[in-house]
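In my numbering, the protein residues as written are 14 to 144.
Note that the Cβ used here is the ideal one computed from N, Cα and C, for glycine as well.
Since the structure comes first, as structure tokens, the remarks are kept for the end.
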Amino acid sequence: MISEKTVKIDSQEKVKSKKRLVIVSDTHITRSGGSFNLHAFNVGIEKVNKIKNASLYLNLGDITQMGTLLDYEYALEQFNKFDPVTKSPIMVLIGNHDAMNVGYLLFEEMIGSRHYAYEDDEIYILGIDST
Numbered sequence: 014m015i016s017e018k019t020v021k022i023d024s025q026e027k028v029k030s031k032k033r034l035v036i037v038s039d040t041h042i043t044r045s046g047g048s049f050n051l052h053a054f055n056v057g058i059e060k061v062n063k064i065k066n067a068s069l070y071l072n073l074g075d076i077t078q079m080g081t082l083l084d085y086e087y088a089l090e091q092f093n094k095f096d097p098v099t100k101s102p103i104m105v106l107i108g109n110h111d112a113m114n115v116g117y118l119l120f121e122e123m124i125g126s127r128h129y130a131y132e133d134d135e136i137y138i139l140g141i142d143s144t
């Protein structure tokens with residue numbers, strides 16, 4: 014078992030890399046209550062839009078709360094605010110909440126493939142639907 018005593022993480026250590034990955038996850042966007050906070054989302058989007066030299070934008074899933082058509086429509090409305098300075102590839106993966114209520118079909122129709130691969134001369138990222 015891993016515990017705080019057995020693993021020491023030096024949060025001051027800097028990772029040197031030429032790649033800048035911007036990662037968003039678990040937004041759980043919905044109009045019908047839940048834990049979605051529109052203000053916090055808007056603040057986050059404003060910050061993401063200002064990031065310079067991003068190599069890749071990753072959304073790791075759970076874009077919606079319940080995977081319904083209303084959730085997807087509202088999520089796409091909110092993600093239209095995403096207008097990054099750097100025009101780099103965007104990789105969007107499906108999460109278990111996105112797949113609910115036939116959301117996996119809506120994801121493919123409204124967002125795209127549930128699998129994704131990104132490769133350049135330094136890294137390879139493979140996104141696989143595990144829902």
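Quickly, what does DSSP pair Tyr129 with across the bridge? List them, please. Along the sequence shown, read from residue 1 onward, the residue named residue 129 stands at position 116. Gly140, per the DSSP bridge assignment.
Taking the beta carbon of His52 as the centre, do at least 16 other beta carbons fall within 10 Å, making it buried, or is it exposed? In the sequence shown, residue 52 corresponds to position 39, counting from 1. Under this definition His52 is an exposed residue.
Any idea what DSSP makes of Leu71, helix, strand or coil? Your numbering for residue 71 matches position 58 in the sequence shown. Residue state, collapsed to three classes: strand.
Rounded straight-line distance, which links the Cα of Val105 to that of Ile36: Counted from its first residue, the sequence shown places residue 36 at position 23. Counted from its first residue, the sequence shown places residue 105 at position 92. C-alpha separation (whole angstroms): 10 Å.
Segment limits, alpha helix (DSSP H) that includes Leu89: Within the sequence shown, numbered from 1, the residue matching residue 89 stands at position 76. That run of the alpha helix (DSSP H) goes Leu82 to Phe92.
Within 8 Å, strictly: CB atoms of Tyr137 and Arg127: In the sequence shown, counting from the first residue as 1, residue 137 sits at position 124. In the sequence shown, counting from the first residue as 1, residue 127 sits at position 114. Not a contact, by the Cβ cut-off of 8 Å.
Output yes if chain D places a C-beta closer than 8 Å to the C-beta of Gly57; else output no. The displayed structure is made up of one protein chain only, and chain D is not part of it.
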